[in-house]
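Numbering (this note's numbering), first residue to last: 65 to 356. Glycine included, each C-beta is placed from N, C-alpha and C at the ideal position. Input: a single structure, listed below in structure tokens.
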């Protein structure tokens, strides 16, 4: 994704952890609600909490009592989770940690709901690049990458969880973390990528508006990733394609080869050294080198 535009925001009360800083103002829940919730739109409510273990866990627990479009944001997560049960924690107010509730219903066959993770990736990459003024890319299936001093680093991730009648999508984005605050050296943040905007409110609004757009297109097409343009958009931004990769699969199996495509089911198609094509639907993919 390449950058294009942004808009502003203002603070209200929230948590002040040991990393608290005047450069990390709290989010203004009332302003966000005014900007995002309206008749005919996807977002039905916006709630900001000072701290919680996991926004995904909290929203999933309440999913049966909430309408589609509920948004839950935490200024700090103490037990945030990524894929494969990895932890996602960061200093208070240093990033965006939020979950949304989507209920595609009968308009989209459930076998296509797996595309929601990839859809969120496209939406997040589009929103961040527009609002922050930085180039972004996607690593299959759900990592958001930026470039810091010529090196690809993960700055965001997505976790999707099925609930009784829908899906909870959790998105984490590192915004103002410094090198000393990064959980691992391979991580990055928008401020380290010299983003033009690190105000979290315009970033959040840009991502949620992008998510609303892509979800609307996908749902209108009955979840068809090709007809909605989602499959093409994901492939265009996915830097995993064309790379020599290693996929660590469930059960301890390892697959190496060249990532060639993302198929209609959202799986990664890998061509092995034996010229076989295998699909990866779950697992951990490591970029080894580019072969483009």
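DSSP, read as helix, strand or coil, puts residue 318 in strand. Here the C-alpha atom of residue 138 lies approximately 10 Å from the C-alpha atom of residue 236. Listed in chain order, the beta strand (DSSP E) elements of length 3 or more contained wholly in the stretch 77 to 127 are 109 to 113.
Taking 8 Å as the cut-off, the Cβ atoms of residue 166 and residue 298 do not count as close. In this chain, the beta strand (DSSP E) harbouring residue 165 covers 159 to 166. Leaving aside the five residues that flank residue 132 on each side, the residues in its chain whose CB is nearer than 8 Å to its CB run, in chain order, 106, 108, 165, 166, 167 and 230.
The beta carbon of residue 207 sits closer than 6 Å to those of 218 and 221, all from its chain and outside the five residues before and after it, given in chain order. Assignment of residue 185 by DSSP, reduced to helix, strand and coil, places it in the helix class. Here residue 170 carries a helix assignment [DSSP, helix/strand/coil]. Rounded to the nearest whole angstrom, the C-alpha separation of residue 239 and residue 349 is 24 Å. Residue range 207 to 212 is occupied by the beta strand (DSSP E) that includes residue 207. Rounded to the nearest angstrom, the gap between the Cα atoms of residue 184 and residue 337 is 32 Å. Contact check for residue 128 against residue 228 passes: the beta carbons are separated by less than 8 Å. Taking 8 Å as the cut-off, the Cβ atoms of residue 203 and residue 304 count as close. By the criterion of a C-beta distance shorter than 7 Å, residue 100 is surrounded in its chain by 107, 110, 269 and 272, once the five residues flanking it on both sides are discounted.
Per the Cβ contact rule, the stretch 169 to 178 is not in contact with the stretch 239 to 252 (fewer than 3 Cβ pairs under 8 Å). Taking 8 Å as the cut-off, the Cβ atoms of residue 347 and residue 312 count as close. Here residue 352 is exposed. Its C-beta has fewer than 16 other C-beta atoms within 10 Å.
Taking 8 Å as the cut-off, the Cβ atoms of residue 142 and residue 159 do not count as close. For residue 138, there is no enclosing alpha helix (DSSP H); the residue is part of the beta strand (DSSP E) that begins and ends at 134 to 138. When C-alpha distances from residue 325 are compared across 87, 296 and 197, the shortest belongs to 296. Nearest Cα to residue 320 within the set 278, 342 and 250: 342.
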